[in-house]
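Chemist: Let me begin by handing over the structure; questions about it come next.
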Amino acid sequence: MHEELATSVPFIEGRGEVFCRGCLGKELFSGLDLGDLPIANELLKSSKGSLEKFPLHLRVCSDCGLGQVADVVTPERIFRDYRYLSSMSTTFLQHASDFVNQRVQEGLLAPGDWVLEIASNDGYLLRNFLPFGIIAIGIEPAENVAEISRGLGVHTISEFFSSQLAQELLAKYGYPKLIIANNVMAHVPDLRDFIKGLAILCGTETQISIENPSLANILIGMQFDTIYHEHYSYLSATAVATVSRKNGLQLFKVEELPIHGGSNRYWLRNFSEKNSVDQSVQIIFEVEKDSGLFEASEWLDYSVKVSKILADFRKWLGERSEKGRRVYGYGAAAKASTILNSIDLEFGLISAIGDASQEKQNRFMPPLGIEIISPEELFMENPTDVVIFPWNIKEEIANYLRANLGEGVQLWCAIPEMRQVCE
Ligand SMILES: [Zn+2]
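Heads up, the numbering used here is the position in the sequence shown plus 146, with the first residue counted as 1.
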């Protein structure tokens with residue numbers, strides 16, 4: 147019954163019932179209900195417009211530990227015209243080149259091998275393989291972003307990854323030596339078909355590397371602003387191991403990374419009883435269990451804490467306004483949308499939001515149509531306070547703002563609580 151339903155309806159909320167998209171379990175409890183919000187990466191084209199809103203409710207599966215929100219919007223709507231370029235951040239560029247150099251140094255790859263990256267964005271990672279004579283193929287559904295990648299010489303296929311596409315790739319190129327899926331599993335409504343696709347392409351010598359922010363950090367680090375409609379799933383090591391095992395794959399190592407405010411890198415390969423599993427796997431299972439990740443009561447406490455953070459942020463904005471301060475935002479990222487749409491924002495409390503992406507400039511952040519301006523325009527406005535929304539790269543942004551705005555400006559983050567950024 148479950149199998150049939152999930153195959154025909156790859157949504158967690160179907161026919162009045164809620165299913166886990168990872169394991170098809172039905173025991174999901176409420177993690178955090180943020181109410182109705184617009185889609186985080188959709189921006190207004192004028193200051194007077196409005197956007198459609200959809201429920202945003204994180205639930206956690208008691209059986210496999212996967213966090214998830216209902217897929218009320220399709221990936222086509224979100225990703226065909228995507229405005230997020232990985233190479234906008236020097237932190238991500240360094241992280242990508244370090245990853246490639248490590249794999250080559252450890253001998254995982256040799257000239258002539260091929261590497262597949264799913265959701266290869268603008269080619270910021272794959273391009274690092276080219277000087278080593280390694281064949282790099284990217285899958286990137288956003289045509290506007292894929293085109294940038296092709297310009298760097300990375301062969302890029304503009305499709306969504308699926309078991310069907312995996313079959314086609316296997317027939318054409320054989321098994322890759324390495325499959326990279328960074329920050330993509332969260333974006334996949336039919337997670338089971340995605341993992342089936344990974345299993346199809348996993349040969350005896352293939353390793354799969356998956357990086358994703360961890361559900362444990364959302365809980366422990368108060369990172370609730372990383373919950374948005376584009377992120378259908380929130381991975382834990384426990385969930386990755388369970389869902390992979392169902393598809394003949396084995397989680398054999400987990401690395402904890404500082405990027406994105408705490409991500410895990412999950413290493414998978416074909417399952418075999420003979421394989422030794424790194425001790426990092428067992429350790430992280432225990433950490434997740436001990437953190438209360440799979441307990442509804444822990445998440446209830448969490449909801450109370452989130453309400454307080456939102457109230458504190460709103461209060462802070464009001465107080466700054468009363469003092470006649472000129473408050474601006476920086477980074478019109480999805481995180482900004484989640485937090486700004488979760489508070490009772492009044493017009494004028496944030497004058498504008500600076501963002502280096504030309505794709506976002508001259509658009510407006512909902513709900514009130516806060517204008518998105520270039521960094522140069524922001525510098526001209528001479529703000530007294532800037533709230534940095536992408537806290538995961540706050541040091542990088544703070545250094546940049548400080549260099550251009552001088553010592554007088556105060557730089558802030560609202561997560562995990564309202565505080566000044568220490569550079
Ligand atoms: Zn589950």
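Every residue gets a Cβ at the ideal spot worked out from N, C-alpha and C, and that includes glycine. This one's a predicted model, so the numbers in the text were calculated from it and none came from an experiment.
Going by the CB atoms, is the gap between Tyr374 and Leu202 shorter than 8 angstroms?
Modeler: Locating residue 202 in the sequence shown gives position 56, where the first residue counts as 1. Locating residue 374 in the sequence shown gives position 228, where the first residue counts as 1. Taking 8 angstroms as the Cβ cut-off, Leu202 and Tyr374 qualify as a contacting pair.
Chemist: Checking 8 angstroms against the spacing of the C-beta atoms, do Gly408 and Gly367 come in under that value?
Modeler: Residue numbering aside, residue 408 sits at position 262 when the sequence shown is read from its first letter. Residue numbering aside, residue 367 sits at position 221 when the sequence shown is read from its first letter. Yes. Within cutoff.
Chemist: Grab me the residues of Leu180's own chain with a C-beta within less than 6 angstroms of its C-beta, minus the 5 sequence neighbours each way, in chain order.
Modeler: By 1-based counting over the sequence shown, the position of residue 180 is 34. These residues qualify, in order along the chain: Leu202 and Ser488.
Chemist: Mapping DSSP to helix, strand and coil, what is Asp182?
Modeler: On the sequence shown, residue 182 is found 36 positions in, with the first residue counted as 1. Three-state DSSP puts Asp182 in a strand.
Chemist: Roughly how many angstroms separate the alpha carbons of Asp371 and Lys454, rounded to a whole number?
Modeler: Position 225 of the sequence shown, counted from the first residue, corresponds to residue 371. Position 308 of the sequence shown, counted from the first residue, corresponds to residue 454. Each residue's Cα considered, the two are about 14 angstroms apart.
Chemist: Would you kindly work out how many angstroms separate the C-alpha atoms of Glu263 and Arg466, rounded to a whole number?
Modeler: Locating residue 263 in the sequence shown gives position 117, counting from the first residue. Locating residue 466 in the sequence shown gives position 320, counting from the first residue. Looking at the two C-alpha atoms, the distance is approximately 45 angstroms.
Chemist: Quick one, which of Gly213, Asn508, Asp436 and Lys540 has its alpha-carbon nearest Ser382's?
Modeler: Here residue 382 is taken as the residue at index 236 of the sequence shown, counted from 1. Checking every option, the nearest Cα to that of Ser382 belongs to Gly213.
Chemist: Would you kindly check if the distance between the Cβ of Met511 and the Cβ of Leu486 is under 8 angstroms?
Modeler: Counted from its first residue, the sequence shown places residue 486 at position 340. Counted from its first residue, the sequence shown places residue 511 at position 365. Cβ atoms of Leu486 and Met511: closer than 8 angstroms.
Chemist: Pairing CB atoms from the stretch 335 to 350 with CB atoms from the stretch 409 to 424, are three or more of them under 8 angstroms?
Modeler: Result yes; three or more Cβ-Cβ pairs closer than 8 angstroms.
Chemist: May I ask you to check if the CB of Asp217 is nearer than 7 angstroms to at least one heavy atom of ligand 1?
Modeler: Taking the sequence shown and counting its residues from 1, the one referred to as residue 217 is at position 71. The answer is no for Asp217.
Chemist: When the distance is taken between beta carbons, is Asn508 closer than 8 angstroms to Ile570?
Modeler: Look at the range of the chain in this structure, 147 to 569, and you will see that residue 570 is not part of it.
Chemist: Enumerate, from N- to C-terminal direction, the unbroken alpha helix (DSSP H) stretches of 4 or more residues contained entirely within the stretch 323 to 389.
Modeler: Fully enclosed alpha helix (DSSP H) runs of 4 or longer: 337 to 347 and 361 to 366.
Chemist: Closer than 8 angstroms is the cut-off here; do at least three beta carbon pairs connect the stretch 535 to 545 with the stretch 418 to 431?
Modeler: Output reads no: the stretch 418 to 431 does not touch the stretch 535 to 545.
Chemist: As a quick exercise: from Lys199, Val164, Lys172 and Cys169, pick the residue whose alpha carbon is nearest that of Ser483.
Modeler: As a position in the sequence shown, residue 483 is number 337, starting the count at 1. Selected option, being the one with the closest Cα: Lys199.
Chemist: Let me know if Asn329 comes out buried or exposed under the rule of 16 or more other beta-carbons within 10 Å of its beta-carbon.
Modeler: As a working note, residue 329 is residue 183 in the sequence shown. Answer is buried; the Cβ neighbour count reaches 16.
Chemist: On the CB-based measure, 16 or more other CB atoms within 10 Å of its CB, does Phe440 come out buried or exposed?
Modeler: On the sequence shown, position 294 is the one that residue 440 refers to. Phe440 is buried by the Cβ-count criterion.
Chemist: In the structure shown, what three-state DSSP assignment does Asp244 receive?
Modeler: The count along the sequence shown starts at 1 and reaches residue 244 at position 98. Reduced to three states, the DSSP call for Asp244 is helix.
Chemist: Note the first and the last residue of the continuous beta strand (DSSP E) segment covering Gly297.
Modeler: Stepping through the sequence shown from its first residue, residue 297 is reached at position 151. Element bounds for Gly297: not the beta strand (DSSP E) but the alpha helix (DSSP H), Glu289 to Gly297.
Chemist: Determine the direct distance from the alpha carbon of Asp336 to that of Phe157, and round the result to whole angstroms.
Modeler: Start at 1 with the first residue of the sequence shown, and residue 157 comes out as number 11. Start at 1 with the first residue of the sequence shown, and residue 336 comes out as number 190. Residue placement at Phe157 is poorly supported in this model, since its pLDDT is 44, which falls under 50; the coordinates still yield a value, given next. For Phe157 and Asp336, the distance between alpha carbons rounds to 7 angstroms.
Chemist: Run the proximity test for Arg209: is its beta-carbon closer than 7 angstroms to any non-hydrogen atom belonging to ligand 1?
Modeler: Counting from 1 along the sequence shown, the entry for residue 209 is found at position 63. Arg is not the amino acid found at residue 209; the sequence shown has Asp there. Yes, ligand 1 has a heavy atom inside 7 angstroms of this Cβ.
Chemist: Beta-carbon separation of Asn358 and Ala387 under 8 angstroms?
Modeler: By 1-based counting over the sequence shown, the position of residue 358 is 212. By 1-based counting over the sequence shown, the position of residue 387 is 241. Cβ distance not < 8 angstroms, so Asn358 and Ala387 don't count as in contact.
Chemist: Just to confirm before moving on: does the CB-CB distance between Pro257 and Ile280 stay below 8 angstroms?
Modeler: Residue mapping note: residue 257 aligns to position 111 of the sequence shown, counting from 1. Residue mapping note: residue 280 aligns to position 134 of the sequence shown, counting from 1. Taking 8 angstroms as the Cβ cut-off, Pro257 and Ile280 qualify as a contacting pair.
Chemist: Do Val261 and Phe238 have their C-beta atoms within less than 8 angstroms of each other?
Modeler: Start at 1 with the first residue of the sequence shown, and residue 261 comes out as number 115. Start at 1 with the first residue of the sequence shown, and residue 238 comes out as number 92. Not a contact, by the Cβ cut-off of 8 angstroms.
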